[in-house]
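Scroll down for the structure; my scribbles are underneath it.
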Amino acid sequence: PAHRRFLRFVVRQTHYQFTALPFGLCTAPRVFMKCMAVVAAFLRRQHVHVFPYLDDWLVRGRSYQQVQAHVQTVMDTFSHLGIIVNTSKSVLTPTQSIQFIGAILDATRARAFLPEARRLAIVDLITTLRRFPTTTARQCLKLLGHMASCTYVVQHARLRLRPLQAWLASVYRPIRDDLDMVVTVPAHTLDSLQWWLDPQTLGEGVPFNLS
Numbered sequence: 001p002a003h004r005r006f007l008r009f010v011v012r013q014t015h016y017q018f019t020a021l022p023f024g025l026c027t028a029p030r031v032f033m034k035c036m037a038v039v040a041a042f043l044r045r046q047h048v049h050v051f052p053y054l055d056d057w058l059v060r061g062r063s064y065q066q067v068q069a070h071v072q073t074v075m076d077t078f079s080h081l082g083i084i085v086n087t088s089k090s091v092l093t094p095t096q097s098i099q100f101i102g103a104i105l106d107a108t109r110a111r112a113f114l115p116e117a118r119r120l121a122i123v124d125l126i127t128t129l130r131r132f133p134t135t136t137a138r139q140c141l142k143l144l145g146h147m148a149s150c151t152y153v154v155q156h157a158r159l160r161l162r163p164l165q166a167w168l169a170s171v172y173r174p175i176r177d178d179l180d181m182v183v184t185v186p187a188h189t190l191d192s193l194q195w196w197l198d199p200q201t202l203g204e205g206v207p208f209n210l211s
């Protein structure tokens, strides 16, 4: 196709050209989503309930048999379009509990939960910070990133990350300071992190509704 010439690069005077859309391209996710939105619309016209997010797709149904049939329809459609599914990373058997875009969706309780691996990552970062409060701005930002990523599945998480966020903003300026600038987290800020160490707090989950 003529558009492939826009995805060329040169190495040692040899020209190379992509035959497929490279996801490293900054515009690739948007282009991919626009293309797949057409596929999702087609499937919905077949009464298949799909929830696409980039290359992660969730299929919903009212029974085991319906989900099974919907999954087969999706797979047949993808095959017809030449879309290759990574079956080793896919869950093709209907289930009432599944991990999707960073959350565990439990249909039996209609709640979304933080995956255990993500909870342990936060606990590990906080434990290290409390043990060694003199650290770098980079490490504090890493912890804040983990906290911010779970605000939609942990109640009050956005409120509880603010003490660390506010303190870091008072001592670190991205346009002025280096990411590896050494900082010492004060005791009152460290105390505010105790809330995040409670497994029950992070494991309570939030209601969700796929309609």
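In my numbering, the protein residues as written are 1 to 211. Note that the Cβ used here is the ideal one computed from N, Cα and C, for glycine as well. Bear in mind the structure is a predicted one, so any value in this text is a computation, not a measurement.
Identity of the residues DSSP links to residue i by a beta bridge
i	result
PHE113	ILE104
HIS15	VAL10
HIS49	ARG60
Residue range of the alpha helix (DSSP H) that includes residue i
i	result
VAL171	162-171
THR201	199-203
ALA20	First-last for ALA20: undefined, no H or E at that position.
LEU190	187-192
DSSP-derived helix/strand/coil call for residue i
i	result
GLN99	strand
PRO207	strand
ARG158	helix
ASP178	coil
ASP55	coil
PRO29	helix
THR128	helix
VAL67	helix
ILE215	Outside the displayed range of the chain (1 to 211) lies residue 215, so it cannot be described from this structure.
SER79	helix
SER90	coil
VAL38	helix
VAL85	coil
Endpoints, the beta strand (DSSP E) within which residue i is located
i	result
THR184	182-184
8 Å contact criterion, which residue i and residue j should meet: CB distance rounded
i	j	result
ALA148	LEU129	Contact flag wrong, Cβ pair sits at about 16 Å.
GLY144	LEU164	What sits at residue 144 in the sequence shown is Leu, not Gly. At roughly 6 Å, the Cβ-Cβ gap stays under 8 Å, so LEU144 and LEU164 are in contact.
VAL59	HIS70	5 Å
LEU202	VAL154	6 Å
PRO94	VAL67	4 Å
THR134	THR189	So it is not a contact: roughly 13 Å between Cβ atoms.
ALA137	ASP177	7 Å
Check: residue i C-beta below 7 Å from any heavy atom of the ligand NAD
i	result
HIS156	Annotation note on the ligand NAD: not contained in the displayed structure, which lists no ligands.
Whole alpha helix (DSSP H) elements within the segment 130-155, 4-residue minimum: 137-149
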